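Numbering (the numbering used here), first residue to last: 17 to 390.
Here the structure is laid out as structure tokens; the discussion comes afterwards.
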């Protein structure tokens with residue numbers, strides 16, 4: 017659980033961006049020159065984008081677990097330890113990978129390295145690249161494991177794989193821990209507030225039809241100037257719906273993390289007290305204890321049509337009883353068209369909920385736009 021990621025723990029957006037930029041500088045110190053950056057869904061989509069910003073990367077793309085027709089999938093691979101294992105790459109065009117630049121893989125943490133190695137193997141099958149860098153906030157392998165695994169994969173795939181991280185550590189699992197956890201009572205989720213719930217409101221943020229709102233279908237260096245303008249435009253619109261005297265929690269929808277992060281940062285620049293985090297597919301145990309990181313949790317149906325597994329949000333913003341936090345949930349067009357029970361669940365917990373939709377271009381539209389620009 018990271019305090020600078022914006023997933024399970026609500027964080028100051030400035031701290032999240034700063035951590036991503038610091039990781040970008042660690043990658044830059046390797047001197048690889050122009051790179052492409054690949055962020056890992058769902059936790060590292062905004063972290064990867066921040067790294068790409070710092071490196072002025074030619075292209076940023078994040079993996080996704082959202083379903084797509086086979087002809088829209090460039091590559092796919094498995095993440096063995098995850099609760100949702102299928103990763104796919106869905107760039108607007110395979111041409112985004114035409115240049116054999118070094119690729120920087122960004123994830124929040126490295127425990128075995130297997131996910132990163134599976135990604136490298138999948139990409140090498142499509143096009144050989146001489147260099148890969150795996151960048152993370154924390155790496156919990158020991159030095160020998162890290163070195164030997166990288167050397168073995170580099171030799172097998174005829175490439176060079178390096179790891180960089182902001183912190184290193186190790187994992188110590190006490191005897192009997194798993195049995196003790198399994199014996200715990202089921203967690204209590206969706207605890208209602210003593211206050212009457214407000215009714216969630218909905219709005220659509222202005223967004224240019226030709227500017228990607230994130231990296232699911234590829235975000236190019238030339239997209240940055242118009243994206244920055246669009247963030248200013250959208251934040252000004254959102255500003256008009258908010259009370260500047262009350263806290264604002266910007267919540268991204270699963271993989272849609274970077275844009276809500278940037279909106280939270282922009283609101284902070286205008287004097288709002290903001291925090292940022294996002295919903296997740298991953299179930300985790302909630303226990304209200306000062307030394308445990310997940311003290312509160314909510315569960316609700318998936319928003320995307322056709323999805324059936326539950327979704328979650330953890331912790332939120334635990335403000336004093338007399339303070340009513342404004343919670344802005346940012347969703348894209350597909351999520352907005354489905355089940356948004358999440359709004360009612362969070363409102364019942366005492367938040368004033370705004371569901372904000374952003375309508376960015378899909379992969380087909382982006383491909384057409386980029387084809388005309390060539």
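Glycine included, each C-beta is placed from N, C-alpha and C at the ideal position.
In this text the structure is predicted, and so the values were computed from the model without any measurement.
Note on geometry: alpha-carbon atoms of residue 244 and residue 378 lie some 19 Å from one another. Counting along the chain, no alpha helix (DSSP H) covers residue 367, and no H or E run does either. For residue 88, the secondary structure class from DSSP, reduced to helix, strand or coil, is helix.
In summary, residue 117 is buried, with 16 or more beta-carbon neighbours lying within 10 Å of its beta-carbon over all protein chains present. The beta carbons of residue 279 and residue 250 sit closer together than 8 Å. Proximity to residue 313 across 324, 332, 222 peaks at 332, based on C-alpha coordinates. Annotated three-state conformation of residue 316 is strand, per DSSP. Pairing residue 293 with residue 27 gives a Cβ-Cβ distance under 8 Å. By alpha-carbon distance to residue 283, the top candidate from 253, 302, 298 is 253. Here the alpha carbon of residue 195 sits roughly 16 Å from the alpha carbon of residue 188. In this structure residue 94 touches residue 134 by the C-beta definition: roughly 6 Å separates them, less than 8 Å. Where residue 102 is concerned, the enclosing beta strand (DSSP E) starts and stops at 102-105. Non-local beta-carbon contacts of residue 287 in its own chain, meaning distances under 8 Å to residues more than five positions away in sequence, involve 260 in chain order. In the structure shown, residue 125 falls within a strand segment according to DSSP collapsed to helix, strand and coil. Relative to residue 185, the option among 153, 213, 169 whose CA is nearest is 153. Its chain contains 121, 150 as the residues whose beta carbon lies nearer than 6 Å to that of residue 132, once the 5 sequence neighbours on both sides are disregarded; these appear in chain order. Residue 208 and residue 36 have their C-alpha atoms some 35 Å from each other.
For residue 291, there is no enclosing alpha helix (DSSP H); the enclosing beta strand (DSSP E) has its first and last residue at 290-294. Secondary structure of residue 76 (DSSP, three-state): strand. Secondary structure at residue 52: strand, using DSSP grouped into helix, strand and coil. Residue 369 is a Cβ neighbour of residue 345, given a cutoff of 8 Å. By the criterion of a C-beta distance shorter than 6 Å, residue 236 is surrounded in its chain by 75, once the five residues flanking it on both sides are discounted. Beta bridge pairing from DSSP links residue 27 with 292.
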